[in-house]
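Have a look at the structure below before the remarks.
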Amino acid sequence: MSSYNPLLLLSYAGIAGLWVGAQVIDIPYVANLMLLVTSILYAACHWSLTLREEQALARGESPPKEKDENGNEKESDDDEE
């Protein structure tokens with residue numbers, strides 16, 4: 489269920505970097521605020537969607553079908569009967 493998300497890693501690095509960087513160097517208030525809020529919101533939204541999917545699976549709902557590059561539903565290996 490986990491996947492490699494470079495933007496999430498960048499978000500974590502941005503949060504840590506801004507918190508530490510603001511103590512060491514002067515960062516303009518507006519830039520610091522916008523970057524920090526954006527990073528926190530991105531990470532929170534990512535984990536919110538992950539939690540939503542995990543709860544749906546725990547309730548017994550089927551996961552959403554993946555789509556290929558043409559927008560058609562992919563055939564999954566476990567659909568064999």
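Quick note: the sequence shown uses the numbering used here, first residue 489, plus one each step. Backbone N, C-alpha and C fix where the C-beta goes; we use that ideal spot for every residue, glycine too. Note that this is a predicted model, so its numbers are computed, not measured.
- S550 carries a coil assignment under DSSP once its states are collapsed to helix, strand and coil.
- Counted as a single uninterrupted DSSP element, the alpha helix (DSSP H) harbouring Y500 occupies residues P494 to V512.
- Residue burial is scored here from C-beta neighbours: S550 has fewer than 16 other C-beta atoms within 10 angstroms and is therefore classed as exposed.
- In the three-state reduction of the DSSP assignment, E557 falls in the coil class.
- I528 carries a helical assignment under DSSP once its states are collapsed to helix, strand and coil.
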